[in-house]
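Protein chains in written order, with this note's numbering: chain A, -3 to 204; chain B, -3 to 204. Following: one structure in structure tokens, then a few remarks.
2 protein chains.
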Amino acid sequence: MEQQSRLETSGPGTVRPGGRTAKVRAAVLEATRDALAEEGFHALNLDRTAARAGVGKTTVYRRWGSATGLVADLLADMAEQSLPATDEGTLEADLRANAALVLAALTDPRMGPVFRAVIAAAACSEDCAAALRRFYATRLAEWAPVVERAVARGEAPAGTDATEVVRAVSAPLYYRFAVSREELDATAAARAVDVVLAGVAAGAFTRR
Amino acid sequence: MEQQSRLETSGPGTVRPGGRTAKVRAAVLEATRDALAEEGFHALNLDRTAARAGVGKTTVYRRWGSATGLVADLLADMAEQSLPATDEGTLEADLRANAALVLAALTDPRMGPVFRAVIAAAACSEDCAAALRRFYATRLAEWAPVVERAVARGEAPAGTDATEVVRAVSAPLYYRFAVSREELDATAAARAVDVVLAGVAAGAFTRR
Chain A
-3 MEQQSRLETS GPGTVRPGGR TAKVRAAVLE ATRDALAEEG FHALNLDRTA ARAGVGKTTV
57 YRRWGSATGL VADLLADMAE QSLPATDEGT LEADLRANAA LVLAALTDPR MGPVFRAVIA
117 AAACSEDCAA ALRRFYATRL AEWAPVVERA VARGEAPAGT DATEVVRAVS APLYYRFAVS
177 REELDATAAA RAVDVVLAGV AAGAFTRR
Chain B
-3 MEQQSRLETS GPGTVRPGGR TAKVRAAVLE ATRDALAEEG FHALNLDRTA ARAGVGKTTV
57 YRRWGSATGL VADLLADMAE QSLPATDEGT LEADLRANAA LVLAALTDPR MGPVFRAVIA
117 AAACSEDCAA ALRRFYATRL AEWAPVVERA VARGEAPAGT DATEVVRAVS APLYYRFAVS
177 REELDATAAA RAVDVVLAGV AAGAFTRR
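Written out as structure tokens, the structure reads:
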């Protein structure tokens, strides 16, 4: 018997044929995100996630199997849901938009702790590590065209490694966030972009 | 009754007055490092660490209190033991030496998993996060003089933020290691330094 929940309370008539599976997944992933934000990966638990989502335990065990299964599916969903890259017309504007999005995600009161938790989960589980790798590969591939367009416009040297440029914008922000555990602010984001633009102009990102 | 161990087998006559506390700490931290390298933070356990170190459980509970206490003290010890910065005569040579050390630490079969585990521990515990912050603050302060000397030699613009330059060398390596979970190699280390040198030359690291 399923508990009263965000799934069950979505109201009559909202479960269309074929929509139930997607609704169960959405409820379970939302419960997973909430649990990670509030308590971190080490406290993630299938029974409590099922209760929180208002989904039967059997369903959750059968479809996700373990806490790492929940995290891996959450990361797959985050990759699917992520916003497309900007196309502002200049490399600088696009990279500033990218840095602003990374900064906003990491400093968001709900998503910041989720990112911290999935990074921790990846340190504890190879399945989570693979899911995290796929998430960032998707994000990097999404943003690489901003650099490719800059090369086509002559704003960046031919042979510039687009993915490496996008990585380099994120890296100083994630380093402070997850490694050195320092303050993260607009100054850090602005400097990350300035340094990358100098590197692009100097040809430091050409493929080798 | 303490078990036969690396502490007890160090031989008669090696425990000098005043040396016992330091030996107990060394044995416990070595056992902590081994446990983190082999199983990660989520499996770190005081009882098994005490047994592994050959130190009484009561001592370990009294002095370290919890798994996070062990990690925090290990990080304090790693900061104390860390190698001093180089002084090669040029900013480029010093930053390449720094990048090589970071790369060697993160790809070391024993220390790599330890770094991954302490980063995960910091995501689960504020005490570990504070200890990790202190560890990197120590490392950054140790290496900042290589940039200050470069400014004094006229190799870098006046007002260059020395700590920020050192952070920027590490960041892309840690990003691959702990966040995007990608391969880490000499090419990534070389590019990190090239990009930072371009940023220094362009004034992107001057204080703001």
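Backbone N, C-alpha and C fix where the C-beta goes; we use that ideal spot for every residue, glycine too.
**Report entry** Sequence-distant residues of the same chain with beta carbon closer than 7 Å to Thr5/A, five excluded per side
**Finding:** Residue placement at Thr5/A is flagged as unreliable, the pLDDT there being 44, under the threshold of 50; the coordinate-derived value follows with that caveat. Once the five neighbours on either side are set aside, Thr5/A has no close Cβ partner at all.
Query raised in the report: The alpha helix (DSSP H) spanning Arg16/B covers which residue range?
Result: Annotation for Arg16/B: the continuous alpha helix (DSSP H) segment containing it runs 16 to 35.
Query raised in the report: For the alpha helix (DSSP H) that contains Thr54/B, what are its first and last residues?
Result: For Thr54/B, the uninterrupted alpha helix (DSSP H) run begins and ends at 53 to 60, by DSSP.
Query raised in the report: Buried or exposed: which applies to Ser62/A, given that a residue is buried once 16 or more other Cβ atoms fall within 10 Å of its Cβ?
Result: That one is exposed.
Query raised in the report: Helix or strand or just coil, what does DSSP make of Thr64/A?
Result: DSSP places Thr64/A in helix when its eight states are reduced to three.
Query raised in the report: Is the distance from the Cβ of Ala185/A to the Cβ of Ala119/A below 8 Å?
Result: By the CB criterion at 8 Å, Ala185/A and Ala119/A fall outside the cutoff.
Report task. Quick one: list the residues of chain A neighbouring Ala116/B, beta-carbon separation under 7 Å, in chain order. Result -> Those are Ala116, Ala119, Cys120, listed as they occur along chain A.
Requested in this report: Mind listing the chain A neighbours of Ser166/B? Cutoff is C-beta to C-beta under 7 Å, in chain order.
Outcome: Per Cβ cutoff of 7 Å: Tyr171.
Query raised in the report: What residues in its chain sit with their C-beta under 7 Å from that of Leu136/A, if we drop five residues either side in the sequence?
Result: When the five nearest sequence neighbours on each side are left out, the beta carbons in the same chain lying within less than 7 Å of the beta carbon of Leu136/A are those of Thr159, Val162, Arg163, in order along the chain.
Query raised in the report: In whole angstroms, what is the alpha-carbon distance linking Ala116/B and Leu87/B?
Result: Ala116/B and Leu87/B: Cα-Cα distance of roughly 33 Å.
Requested in this report: Indicate whether Arg106/B and Thr183/A have their beta-carbon atoms separated by less than 8 Å.
Outcome: For Arg106/B and Thr183/A, no; Cβs fall outside 8 Å.
Query - Inter-residue spacing [alpha-carbon to alpha-carbon] between Val51/A and Val20/A - result: Approximately 7 Å between the Cα atoms of the pair.
Requested in this report: Count the other C-beta atoms from every protein chain shown that fall within 10 angstroms of the C-beta of Gly150/B, then say buried if there are 16 or more, exposed otherwise.
Outcome: Flag for Gly150/B reads exposed.
Query raised in the report: Leaving out five residues before and five after Leu193/B in sequence, what residues of the same chain have Cβ atoms less than 8 Å from its Cβ?
Result: Excluding positions up to five away in sequence, the list reads Leu87, Glu88, Leu91.
Query raised in the report: What does Leu128/A reach in chain B if we use C-beta pairs closer than 9 Å?
Result: Correct list: Val175, Ser176, Arg177.
Query raised in the report: Given that Thr183/A touches chain B, what residues does it touch there, using C-beta distances under 8 Å?
Result: The answer, in chain order, is Arg204.
Report task. Please classify Leu79/B: is it buried, with 16 or more other beta-carbons within 10 angstroms of its beta-carbon, or exposed? Result -> An exposed status is given to Leu79/B, since fewer than 16 other beta-carbon atoms sit within 10 Å of its beta-carbon.
**Report entry** Cutoff 8 Å: Ala125/A Cβ touching any chain B Cβ
**Finding:** Put simply, the CB of Ala125/A is near chain B, with a gap under 8 Å to one of its CB atoms.
**Report entry** Simplified DSSP state of Thr183/B, which is helix, strand or coil
**Finding:** Reduced to three states, the DSSP call for Thr183/B is helix.
Query - Sequence-distant residues of its chain with Cβ nearer than 7 Å to Phe173/A (five each side left out) - result: Excluding its 5 nearest sequence neighbours in each direction, Phe173/A has C-beta neighbours in its own chain below 7 Å: Leu102, Leu180, listed in chain order.
Query raised in the report: Along chain B, in chain order, which residues have C-beta atoms closer than 9 Å to that of Asp190/A?
Result: Under the 9 Å cutoff, chain B gives Gly195, Ala198, Gly199, Ala200, Phe201.
Query raised in the report: Does the beta carbon of Ala100/B sit closer than 8 Å to a beta carbon anywhere in chain A?
Result: Contact of Ala100/B with chain A is not assigned, every C-beta pair being separated by 8 Å or more.
Query raised in the report: Short check: CB of Ala113/A to CB of Leu71/A, under 8 Å?
Result: No, they are not a contact pair.
Query - Presumed contact (8 Å Cβ cut-off) between Phe201/A and Asp157/A, rounded CB distance - result: Sure, about 5 Å apart at Cβ, within 8 Å.
Query - DSSP three-state assignment for Thr86/B, whether helix, strand or coil - result: Three-state DSSP puts Thr86/B in coil, outside helix and strand.
Query raised in the report: Per DSSP, Thr202/B forms a beta bridge with which residues?
Result: Paired residues: Thr156/B.
Query - Per-residue DSSP class, three states only, for Pro105/B - result: When DSSP states are grouped into helix, strand and coil, Pro105/B belongs to the coil group.
Requested in this report: Would you kindly work out how many angstroms separate the C-alpha atoms of Arg2/B and Leu40/B, rounded to a whole number?
Outcome: Its pLDDT being 48, under 50, Arg2/B is placed unreliably by the model, and the measurement read from it follows with that caveat. CA-CA distance, Arg2/B to Leu40/B, rounds to 19 Å.
Query - Proximity of Ser176/A and Arg129/B at Cβ, strictly below 8 Å - result: The Cβ-Cβ distance between Ser176/A and Arg129/B falls below 8 Å.
Requested in this report: Spell out whether any CB of chain B is found under 8 Å from the CB atom of Ala75/A.
Outcome: No, because no Cβ of chain B sits closer than 8 Å to the Cβ of Ala75/A.
Query - Closer than 8 Å to chain B by CB, Tyr57/A - result: It does not: the Cβ of Tyr57/A has no partner Cβ on chain B nearer than 8 Å.
**Report entry** Cutoff 8 Å; reference Pro109/B; Cβ partners in own chain excluding five residues on either side
**Finding:** Result list for Pro109/B: Leu32, Ala33, Glu34, Gly36, in chain order.
Report task. Select from the stretch 149 to 163 of chain A all residues with a C-beta closer than 9 Å to any C-beta belonging to chain B, and list them in chain order. Result -> So the close ones are Asp157, Glu160, Arg163.
Query raised in the report: Which first and last residues belong to the alpha helix (DSSP H) in which Asp143/B is found?
Result: A small correction: the amino acid at residue 143/B is Val; Asp does not occupy that position in the sequence shown. DSSP places Val143/B inside the alpha helix (DSSP H), whose first and last residues are 122 to 148.
**Report entry** Proximal residues of chain A, C-beta to C-beta of Arg112/B below 8 Å
**Finding:** Residues of chain A passing the Cβ test: Ala119.
Report task. Under 6 Å Cβ to Cβ from Glu76/A, same chain only, skipping five residues before and after it: list those, please. Result -> When the five nearest sequence neighbours on each side are left out, no beta carbon in the same chain lies closer than 6 Å to the beta carbon of Glu76/A.
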